[in-house]
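Residue numbers (my numbering): 19 to 204.
Quick look at the structure:
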């Protein structure tokens, strides 16, 4: 729709704003609840943004990034100071978790399902820094995915603390995922 109706538009910032408001908002509506957990569904959603970013590249450079040189989607996303849709969904989930833990979001049903990991007292322990306990189940809920994402986050970057204020937490999480997405194969 944006490609068809904005064919003669040259302002890339305006095109990004249109994509963000018309397309990405639809893709991310309620994403905390329905975030896909299989790589095939993540890839299908990511293709939508990938096509748009390739179109932006074409508008700016007059050739597509797959010819004459193949430019990866992640490097294109990084050059536009954007995040992948998957990273954005993870960040939204972590923001929801922060609001639940800090009491900014009143939802006792969800809060009661969060189990904190209490390490056993042992003389020889591994450096186990996970904060939340996730019970093994056949079906993983959205909350379990969010808890797992936070456990993975603090394993890689223990400086991110869920108890600090929301603004600092979001800033640290976004900078972590923006630096990480270049190292992830897409």
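Ideal placement from N, C-alpha and C gives every residue a C-beta, glycine not left out. Predicted, not measured: the structure shown is a model, and the values here were computed from it.
Discussion item. On the criterion of 16 or more Cβ atoms from any shown chain inside 10 Å, does residue 168 qualify as buried, or is it exposed?
Written reply: With 16 or more other Cβ atoms within 10 Å, it is buried.
Item to complete: Identify the continuous alpha helix (DSSP H) that holds residue 67 and give its terminal residues.
Response: Unbroken alpha helix (DSSP H) run through residue 67: 57–79.
Discussion item. Helix, strand or coil, according to DSSP, for residue 182 in the structure here?
Written reply: coil
Discussion item. Are the CB atoms of residue 53 and residue 107 within a distance shorter than 8 Å?
Written reply: yes
Discussion item. Between residue 114 and chain C, is the shortest Cβ-Cβ distance under 8 Å, so that the two count as touching?
Written reply: Of the protein chains in the structure, only one exists, and it is not chain C.
Worksheet entry | Selection from 21, 149 and 94 that minimises the alpha carbon distance to residue 171 | 149
Worksheet entry | Reduced DSSP secondary structure (H/G/I, E/B, other) of residue 127 | Three-state DSSP puts residue 127 in a helix.
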